Structure formats: structure tokens, C-alpha cells
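Participant: Sequence order for the protein chains is A and B. Using the working numbering, the letters of the first sequence correspond one by one to residues 1 to 295. Using the working numbering, the letters of the second sequence correspond one by one to residues 296 to 459. All residues carry an ideal CB built from backbone N, CA and C; glycine is no exception. Predicted, not measured: the structure shown is a model, and the values here were computed from it.
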Amino acid sequence: MRPFTYQAPTSVGEAVALLTEAKQGARPFAGGTDLLVQMRRGLFAPEMLVDVKRIPELNRIAFDPTEGLTIGAAVSCAWLCDHPAVRQHYPGLIDAASIIGGAAIQRRATLGGNLCNAAPSGDAISAMIVLDATATLAGPTGTRTVPVSEFCTAPGKTVLKPGEMLVSLHFPVPAPHTGARYLRFIPRGEMDIAVAGSGAWLALSDDGGTILGARIALAAVAPTPLWVKAASEMLTGTTPTEEVFTAAAAIAQEAARPISDVRGTVAQRRHLVGVLTRRALQGALQRAKGETCDD
Amino acid sequence: MTNKTLISATINGEPVEFLCEPHQSLLECLRDILGLTGTKEGCNDGNCGACSVLLDGQLVNSCLVLGVEIQGRAVTTVEGLADWRGLHPIQQAFLEADGFQCGFCTPGILIATKALLDREPDPTEADIRAWLSGNLCRCTGYDKIVRAVQAAACRLYAECEVNV
């Protein structure tokens, strides 16, 4: 790894100033589980790492029943997964946060890093898209908010501008009769990168008989995590049945643009998108009805 | 470029000061600066778990932590498990259950086991296997490792006998 300098500021303003001033490039550094690995591989060689873990706004989980959930960009997956309010109100997010790496990686890896790394396979990104999450960014010209669904622009590329950093992620209050589920396929039980993944969110009518809103987002089958808007349109207004979910899964399969690589082929990935989307919708339905969803 | 920083930390209960460069991982600091070679370097990218240590009691891969990050913090390595009384109960359990073959992954697995049992005194076999998924053993000794963890839980938290 090429030498760099290290700074650990305690405010967003200080961090943005450091990121802006570094002429040879600086990177925000939280868990380092992607960043340090990529730097060792020589993918980039910043002159400075800006450790953001001492900045209060990046290092907090705040849940308010009227405001929703705010997660600092440097919050570890393990911290999130142990948080009672997150477990209770956002199980669809726990689905993804709990499968990123094993126990040691979990204690360092962050949802913010998963998003900024912008891997097509980022498990948390699809899970966040279906939960309608927004990202708060701070940069030299101020702060702005971007929907997570628009954050990734290409593999490893994001909307972040020079000097800009992710501060926090915000999730709206889960309305009654809504539920979300994220599922992925990997050849082993843990510690692997998704061959394909699917997140689903459903909003039901009070009697549970009609789908009032739906979102499906896929992982590892397009250059970025993919929000399948056509499936939302198809599902809205229908009755949640196996047939409807199968039809939505077919739309997701059509929307997927997978490649063949070391993890899987186009055909396998397209097949997986169908299976995972159907199961994710079933899980989201169970949760929307207040039931525990099947493993 | 020499850009050394003085780091003060607690390692295995002892106050330690050392100089390191920002790009040196905690693993490099432990092994190459402090001479604590019990922690092993396997993959150096967070997949194998051979470099597992506790940072303020939390399990981490020391290859993915920078040495400069441990300023003012506490690190436990495999050297910190045994004390003047002898082996730690986890080490004793691994010894009796034949929970290792070549031993290269063992320091990381002992530390990961400590992190698990500190958090969950009575883990199921599924809990143990999931928790240790980030620790690779290339001698394929997982069944004995799992039994060693179960035996360690008994030694630590219950007066029970486990057939290993």
C-alpha cells in the first residue's frame, strides 16, 4: 500500500475541508473493509485518509417514531444489527446488514461504505432502495440530499463530487401494513458476494387484500443496484397472491441485465432473480401482515 | 516518506507506546513493530480471519485496521489469553478437543471464540458455525473446532462435561 497521511477530524466541516484541500486525492475512511483492500490492490492511492469515525453525525443511530431512522455513515453493521428499534421497525434492512461479511467484517463494515463503494452486488443498497432511503451529503458548497436509488451511477461510481462525503442515511417511518425483505444467493452460507440479490417492499390496504404500493430492487444483475419500477406499477392495485408475485418476478427477470463472470452466468442470474424476487415478495407480505417471515 | 506517529494503546492489558506510519495495518504493527507474532497474516484482505484480534472487546480483522486507529484503545491478541495460572479455558478446550491441526488459523479462531462467548455464553452449533464463517481452516478441521467451542462454553459458563 502506498504511504498516505491520516487525519481523524471531529466535525463534518473539518472533514470536508481536508477532503477538498488534498491535491492528490483523499478518501473518507470508516470501516476500511473495501477501501483498504482496494488500496492494497493498487486500485487507487490517495495522499490522505480522512477517518470519519470520530464525527458525531456519522457515528449515531437515531430512531424517532415520527421522523424515521437516521444512520450515520460510519455506523457498523454489527451496531445496527444489535439496535432494538432497527430490528423492530426495519427488519428488511437487518436482512442485508446482517449478511455483509462475517462477524469481524460486520464490526467494521458500514452501510455508508457499502453505498459509497457502489458495487453492483452491494446487498444493503437494494435493501435501502426499497425502503425509500435518502443519503445526506456534505461538500464544499453545502449539504444536499440524494435518493439512494440515484446514488450509484456505474460500478464503483457515485454522485459524490470532489470534496463531498456521505454523512448519513435516512429512512422514512414504516407505515402500518408495510413490510420489506432482502434475499441473496451465494454458494456458501456466509462471507460471500451476491451472485444475485432481490429486495422487495410492499404496502397493503388495512384489510391486507390490496397492494397499495410496491418496490423491487435487484443486486448483482446490472452495472448498479437496479430499481425495477415496472414491477411497482404492475403490483399496485392487485391482490397479493402467488400468481401476482410470479408475474412481478418475471418483470424483474426482464429488467435484469446480468453478465457472466466468476460468480455466475447470465442464465443462472436471471433464474435467481425470479426465485429471489418471488420469495422476497412473500417475505415482505408476511412482514406487512405483522407475521414473522420464513428464513 | 517517513511520517511516523506515536501511538499509545493498551495491548493485552499492558500500556504500550510505539511509532508507526499511517499506512501500516494493526497486523503489521503487532507483528513487525511489537513482536507479537501470535497473530497471523493469511490473506491480508479480510477473508481468512487469521489476523483476528479484539479492539475494545470487539472482533476485528487486524489487517483491515490501521495502527494509527488504536490510539487510546485496547487490543487483545492471542498472547493475551493465557495468564500466570496457565492456558485460558478456551485454549484448554481446543487442546483437549483437538480443535486444530497445523495451527495457523488457531490464534484467530481462539480470539473469535472469545468474542463469541463473551457475547453469547451458550451458542448453538449454527451460531458457532455462522460466527466462525470468517475464520478459514485449510486443514478442514471445522467439526472439531465447533466441538472445541462448545467445550469452551461449558468450561467457562457451566460445570458440564462435553464428549469431544
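So the alpha helix (DSSP H) A:H83 belongs to, where does it begin and stop?
Facilitator: It is not in any alpha helix (DSSP H) - A:H83 carries neither H nor E in the DSSP assignment.
Participant: Go ahead and pull the three-state DSSP assignment for A:K157.
Facilitator: Here A:K157 sits in strand by DSSP.
Participant: Should A:R41 go down as buried or exposed, given a rule of 16 or more other Cβ atoms within 10 Å for buried?
Facilitator: Exposed.
Participant: So what does DSSP say about B:F395, is it helix, strand or coil?
Facilitator: Reduced to three states, the DSSP call for B:F395 is coil.
Participant: To the nearest angstrom, how far is it from the Cα of A:T10 to the Cα of A:V37?
Facilitator: Cα to Cα, A:T10 sits roughly 25 Å from A:V37.
Participant: In the DSSP output, what is A:I100 paired with across the bridge?
Facilitator: None, per the DSSP bridge assignment.
Participant: If you draw a straight line from the C-alpha of B:Q396 to the C-alpha of A:S121, how long is it?
Facilitator: Cα-Cα distance, rounded: 35 Å.
Participant: A:G101 touches chain B at which residues, Cβ-Cβ below 8 Å?
Facilitator: Within chain B, the residues near A:G101 are G341 and G429.
Participant: Measuring alpha carbon to alpha carbon, tell me which residue in A:K161, A:R270 and A:A15 is nearest A:V146.
Facilitator: Considering only alpha carbons, the answer is A:K161.
Participant: Tell me the rounded alpha-carbon separation between A:D295 and A:G142.
Facilitator: Their backbone Cα atoms lie some 43 Å apart in a straight line.
Participant: Would you report the Cα separation of B:F318 and A:F4, rounded to the nearest angstrom?
Facilitator: According to the sequence as given, residue 318 of chain B is His; it is not Phe. Distance between the alpha carbons of B:H318 and A:F4 is about 6 Å.
Participant: In whole angstroms, what is the alpha-carbon distance linking A:P172 and A:W201?
Facilitator: Computed Cα separation, rounded: 13 Å.
Participant: Within the 7 Å Cβ cut-off, does A:G112 reach chain B?
Facilitator: No, A:G112 does not count as interfacial toward chain B.
Participant: Using a Cβ-Cβ distance cut-off of 7 Å, determine whether B:H383 contacts chain A.
Facilitator: No, B:H383 does not count as interfacial toward chain A.
Participant: Give me whichever residues DSSP pairs with B:P310 in a beta bridge.
Facilitator: DSSP, once it has assigned bridges, lists B:T305 as partnering B:P310.
Participant: Under a three-way DSSP split, which group does A:A194 fall into?
Facilitator: Coil at A:A194, not helix or strand.
Participant: Helix, strand or coil for A:P162, going by three-state DSSP, please let me know.
Facilitator: A:P162 falls in the coil class under three-state DSSP.
Participant: Is the number of C-beta pairs between the stretch 18-28 of chain A and the stretch 46-62 of chain A that are closer than 8 Å three or more?
Facilitator: With the cut-off at 8 Å, the stretch 18-28 of chain A and the stretch 46-62 of chain A touch.
Participant: Could you tell me whether any Cβ in chain A is nearer than 7 Å to the Cβ of B:V373?
Facilitator: Not one chain A Cβ lies under 7 Å of B:V373.
Participant: Can you look up A:R215 in the DSSP assignment and give me helix, strand or coil?
Facilitator: Correct three-state label for A:R215: strand.
Participant: Where in the stretch 219-253 of chain A do unbroken runs of the alpha helix (DSSP H), each at least 4 residues long, occur, reported from the N-terminal end onward?
Facilitator: If we require 4 residues or more, the alpha helix (DSSP H) runs fully inside the stretch 219-253 of chain A come out as 229-235.
Participant: Is B:Q445 buried or exposed, if buried means 16 or more other CB atoms sit within 10 Å of its CB?
Facilitator: Buried, since its Cβ has 16 or more Cβ neighbours within 10 Å.
Participant: Where does A:Q106 fall in DSSP's three states?
Facilitator: In this structure, A:Q106 counts as helix in the three-state DSSP scheme.
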